Amino acid sequence: MLSKEDVLKIAALSKLEFSESEIEKFRVDLNKIFEHMEELNGVDTTDVEPLFNVLDLKDKLREDKVRDAGIKKEILKNSPNKDEEFIIVPKVVGENADN
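So the sequence shown is numbered by full-length UniProt numbering: it starts at 1 and just counts up by one.
1. Tell me the DSSP secondary structure of Lys58 in three-state form.
2. Sort out for me which residues DSSP pairs Ile87 with in a bridge.
3. Thinking C-alpha only, which one of Ile33, Phe86 and Asn31 is nearest Ile71?
4. CB Lys9 to CB Ile23, shorter than 8 Å?
5. Taking all protein chains shown into account, decide if Val28 is buried (16 or more other Cβ within 10 angstroms of its Cβ) or exposed.
6. Would you grab the beta carbon distance between Val2 and Leu40 for me? Rounded to a whole angstrom, and I think it's under 8 Å.
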């Protein structure tokens, strides 16, 4: 079961702020989701073949093209930590990442 502190930690990691009532609502909702996941984990899928796509369709591939959408300055303007070209994010994976 998630506690209020767990929800606050998730919110902080997501850089989101919630009111007390929203925190409680999310705590209840997330716990219901985790309970459902535990129920699904208990289902015996021993003889079930993996399903890769519910539709019998092939992917339509296209050539990747690099384009300038013209919004780089707008995006950088809204970033709390940036240089002239890029958004700077904290390291979250690896040996020196903070937990």
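From the three backbone atoms N, C-alpha and C, an ideal C-beta is built for every residue, glycine too. None of these values were measured; they are calculated from a predicted model.
Based on what the coordinates show:
1. coil
2. Lys82
3. Phe86
4. no
5. exposed
6. First, the residue type needs correcting, since residue 2 is Leu and not Val in the sequence shown. Not quite, the Cβ-Cβ distance comes to about 18 Å (not below 8 Å), so this is no contact.
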